[in-house]
Amino acid sequence: MVQKLDRLVETASQTAGPYVHIGCMPTYAGNAGALAIEIGTDGPILDGAKGEIIEISGEVFDGMGWALRDVMLECWQADTAGVYPGQDGADPAVTGFARIGADSDTGIFTLRTVKPGATPARGGGKQAPHILLWLTARGINTGLQTRIYFEDEDNSADPVLSRIEQRPRVETLIAKKTAEGKYTFNIRLQGEGETVFLDM
1 MVQKLDRLVE TASQTAGPYV HIGCMPTYAG NAGALAIEIG TDGPILDGAK
51 GEIIEISGEV FDGMGWALRD VMLECWQADT AGVYPGQDGA DPAVTGFARI
101 GADSDTGIFT LRTVKPGATP ARGGGKQAPH ILLWLTARGI NTGLQTRIYF
151 EDEDNSADPV LSRIEQRPRV ETLIAKKTAE GKYTFNIRLQ GEGETVFLDM
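The opening position of the sequence shown corresponds to residue 1 in UniProt numbering, with each subsequent residue numbered one higher.
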């Protein structure tokens, strides 16, 4: 006999496993044509996007310092004017969303996009230009959320950065400019230099 439940219990989260790309990015995993549409794999911008085109590259390191080669990242951002897709005045050539994987040989991920503008903050003011990141890989039970800020922007009044009590850790959210239009942003999952992750 089936027992009637008075409440529904949340399903436990599970690790993404080594095959997350097959389901979310089949072409990247060598299985082109498995899905009619692969969401986000074309990147967050289309031809004609306004603003400075930039490239952010980096690696995701585990607690032992090894680069993860099976990590998948999802990105969400505003356009160069600080307007999110779907809002009035948004650049139609900025979809704002991307899904990227790390190179399976080197572990390096690369995001080509426009540099976002400052966005409105809750309660007034502005958030410094940033890109939201969600990442998952084998061994991560619940996707991790963080942000990419830019060292060549004024981040001093950003409301999220200002809430980080251990001030040296703010640097873990700052992409370093390496050349014109090029940035490096590495993520450390745990240990020394652990990236600040957000509970959102």
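Idealized CB from N, CA, C, for every residue including glycine.
Every value quoted in this text rests on a predicted model; they were computed, and no experiment measured them.
Buried or exposed for residue i, going by 16 or more other Cβ atoms inside 10 Å?
i           : result
residue 98  : buried
residue 32  : exposed
residue 258 : No information on residue 258 is available, as it lies outside the stretch 1 to 200 that the chain covers here.
residue 77  : buried
residue 158 : buried
residue 42  : exposed
residue 148 : buried
residue 174 : buried
residue 187 : buried
residue 161 : buried
residue 189 : buried
Which same chain residues, not among the five before or five after residue i, have their C-beta less than 8 Å away from its C-beta?
i           : result
residue 137 : 16, 20, 60, 68, 70, 71 and 72
residue 105 : 69
residue 177 : 150, 151, 152 and 183
residue 199 : 145
residue 82  : 116, 117, 118, 119, 120, 126 and 129
residue 4   : none
residue 109 : 57, 58, 59, 60, 71, 73, 100, 101, 102 and 103
Quick one: residues in its chain with C-beta nearer than 6 Å to the C-beta of residue i, no 5 flanking neighbours on either side, listed in chain order?
i           : result
residue 182 : 55
residue 217 : The first residue shown for the chain is 1 and the last is 200, placing residue 217 beyond what the model contains.
residue 169 : 196
residue 74  : 99 and 134
residue 52  : 115
residue 28  : 21 and 101
residue 167 : none
Measure the beta-carbon distance from residue i to residue j and round it to whole angstroms, keeping in mind my assumption that it falls under 8 Å.
i           : j           : result
residue 114 : residue 80  : 5 Å
residue 47  : residue 93  : 7 Å
residue 100 : residue 116 : Contact flag wrong, Cβ pair sits at about 16 Å.
residue 142 : residue 172 : Going by Cβ atoms, the distance from residue 142 to residue 172 rounds to 19 Å, so no, they are not a contact pair.
residue 185 : residue 58  : 4 Å
residue 63  : residue 191 : 5 Å
residue 50  : residue 91  : 5 Å
Please tell me whether residue i has its Cβ less than 9 Å away from any Cβ of chain D.
i           : result
residue 168 : Judged by its chain identifiers, the structure shown contains no chain D, having just a single protein chain.
Short check: CB of residue i to CB of residue j, under 9 Å?
i          : j           : result
residue 44 : residue 111 : yes
residue 40 : residue 95  : yes
Would you list the one or two residues that DSSP bridges to residue i?
i           : result
residue 200 : Bridge partners of residue 200: none, in fact.
residue 57  : 110 and 184
residue 99  : 74
residue 126 : 120
residue 135 : 73 and 144
residue 81  : Answer is none; residue 81 lacks a bridge partner.
residue 177 : 183
residue 12  : None; residue 12 has no bridge partner.
residue 149 : 130 and 174
residue 94  : 45
Looking only at its own chain, which residues have a Cβ that is under 7 Å from the Cβ of residue i, when we skip the five neighbours before and after it?
i          : result
residue 23 : none
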